[in-house]
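The working numbering numbers the first residue of the sequence shown as 12 and each following residue consecutively.
Don't be surprised by glycine CBs; every beta carbon is placed ideally from N, CA and C.
In this text, all values refer to a predicted model and were calculated from it rather than measured experimentally.
Everything below concerns the one structure shown next.
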Amino acid sequence: MKISLCMITKDEEKSLPKSLDSVVNYVDEIIIIDTGSTDDTIKIAQKFGAKVFQIKWQNDFSIARNHGLEKANGEWILYLDADEILEHGELLKKLIEKADKDIEGFLFNIINYTDESLTHSEKSVSLRLFRNKPELRFFGAIHEQLPIKDKFVAMTELIIHHFGYLPSINKDKKKSKRNLEILQAEIKKNPTDGFTLYNLASEYLRLHQFNEAIHYYKKALKHTDQEIGYESRLYKMLGISLLESKQLVECKNYLDEGINKYPDYPDLYYIRGLCLEAAKKYQSAIKDFSKCLSMRHHLTKNNKIYVTEDGITSYKPLQKIKEILLDNLPIIPQLLEIKIEQEIFDTIPFLAGSLWLTGDVDEAKKIIYKTNSPELTYMKVTVILLEFAKMNLIKGLKNYPDSLLLKEEYERVSEWLKNIDDSLKMDIYQPYKD
């Protein structure tokens, strides 16, 4: 079984070498459709042994991609963009060799990086490997798709890293402006196409034109339903647009609606938490961020595939809880010394203790008794509360060193802490230590 890599290019000399280097040893041929490069793109492609075909750009990605399919000789097609790097390319051949006869395509994990440090990203999936059949051709002028039903598609562990929307690469915003032109032309042809409306709104959001983004997201919502794979993300992006434009009431209303439809999508709770924080409804915001943390392993337990941000069920909501408590409530000063890691192994007691200290005792108890071992969790929360009390007493004694009442309370709390197993205390604080 042979694999043909198909790629369209235009002035990609900076990113193309790394892209082709990630895949050249795992495919049988490379087909490059160049749409008018004026730099060294073609020379670079040829150095990698690519077959290069030059065509005129017609403002339609499907036309260009399908031209590549016509030139490909492999039984399977892998398609990448020049600003993407494939990880674990050595698994490609094994994948197609073991593929069932009814499988026509494979989904890859896509990591879209959004900042230069590569610490912020969004995860999604995309159909990138499929059988080379005449009936499988791309459609749509932009954000093109293939006519393959979900039941004939399988998920893989392969990863594609996408760098195309980094500020340094898209600093002149040419990519977004080009996309806008194509999408606006498509909307004129079909003004009720939900997917095109959604993509048009997303380009406006990328350009920080929030009112336009809101307008088209709302229109897209009228022409989609739960059978459409992108509706869950539509609610998220509409929420972000409304939040950015400070329309907090409407933002919460749409997110409430989205959560009602997609109760297992953590990103919606996170954005609603940001909205509630902006509205100074801190207790409710903490609950939404806590909900994100409780869904940490949930994404792998359902059959839905969501577009989700990295850290949305771990360090990001925990960091927001820390910020809210530090900035708005005179409690938990020890949080200043806690290192927030991307991998937190014991967040439940910490969160329950935090809620308890904010006065939300009932919610704290609910969290405790939902754990596998409520007695152990309760003991851990007790340690957190006692440590907090001890720290406050130390501060009090610094200001009032002769206070007998403070001294007695300090000795009592210290004695309670001594009676709790040291190994339990180590277990609590180990995740937060350097």
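Pick from the options that is closest to residue i, judged by C-alpha positions
i, options, result
"residue 50", "37, 244, 25 and 29", "25"
"residue 107", "12, 415 and 42", "12"
"residue 153", "260, 284 and 77", "77"
"residue 144", "94, 219, 429 and 80", "80"
"residue 129", "420, 330 and 320", "320"
"residue 140", "169, 55 and 74", "169"
"residue 209", "416, 172, 121 and 231", "231"
"residue 262", "283, 298 and 376", "283"
"residue 105", "120, 87, 302 and 23", "87"
"residue 156", "410, 416, 194 and 73", "73"
"residue 95", "189, 28 and 376", "28"
"residue 54", "316, 109 and 23", "23"
"residue 267", "255, 286 and 372", "286"
"residue 240", "422, 421, 418 and 273", "273"
Status (buried if at least 16 other CB within 10 Å, exposed otherwise) for residue i
i, result
"residue 85", "buried"
"residue 166", "exposed"
"residue 430", "exposed"
"residue 424", "buried"
"residue 14", "buried"
"residue 394", "buried"
"residue 426", "exposed"
"residue 228", "buried"
"residue 146", "exposed"
"residue 412", "exposed"
"residue 30", "buried"
"residue 446", "There is simply no residue 446 to check, as the chain begins at 12 and stops at 445 in what is shown."
"residue 115", "buried"
"residue 327", "buried"
"residue 179", "exposed"
"residue 214", "buried"
"residue 120", "buried"
"residue 299", "buried"
"residue 257", "exposed"
Sub-9 angstroms separation of residue i and residue j beta-carbons
i, j, result
"residue 118", "residue 138", "yes"
"residue 205", "residue 234", "yes"
"residue 177", "residue 125", "yes"
"residue 197", "residue 318", "no"
"residue 331", "residue 398", "no"
"residue 173", "residue 251", "no"
"residue 46", "residue 67", "yes"
"residue 41", "residue 64", "no"
"residue 418", "residue 428", "no"
"residue 391", "residue 421", "no"
Chain C contact for residue i (CB, 9 angstroms cutoff)
i, result
"residue 66", "Looking at the structure shown, chain C is missing, and only one protein chain is on hand."
Sufficient close CB pairs (3 or more, under 8 angstroms) joining the region 195-208 to the region 216-225: no
Answer yes if the region 156-164 comes into contact with the region 22-38, meaning at least three C-beta pairs across the two stretches below 8 angstroms, and no otherwise. no
Taking three-plus beta-carbon pairs below 8 angstroms as touching, is the region 235-249 in contact with the region 273-290? yes
Entirely within the region 90-175 and at least 3 residues each: give me those beta strand (DSSP E) ranges in chain order. 95-98, 116-124, 132-142 and 164-173
Touching by the beta-carbon criterion (3+ pairs, under 8 angstroms), the region 283-294 and the region 208-221: no
Note down, one range per segment and in chain order, each alpha helix (DSSP H) of at least 4 residues found wholly within the region 216-249. 221-233
So, do the region 14-30 and the region 86-96 have three or more beta carbon pairs nearer to each other than 8 angstroms? yes
Let me know the beta strand (DSSP E) ranges lying completely inside the region 19-48, each 3 residues or longer, listed in chain order. 40-45
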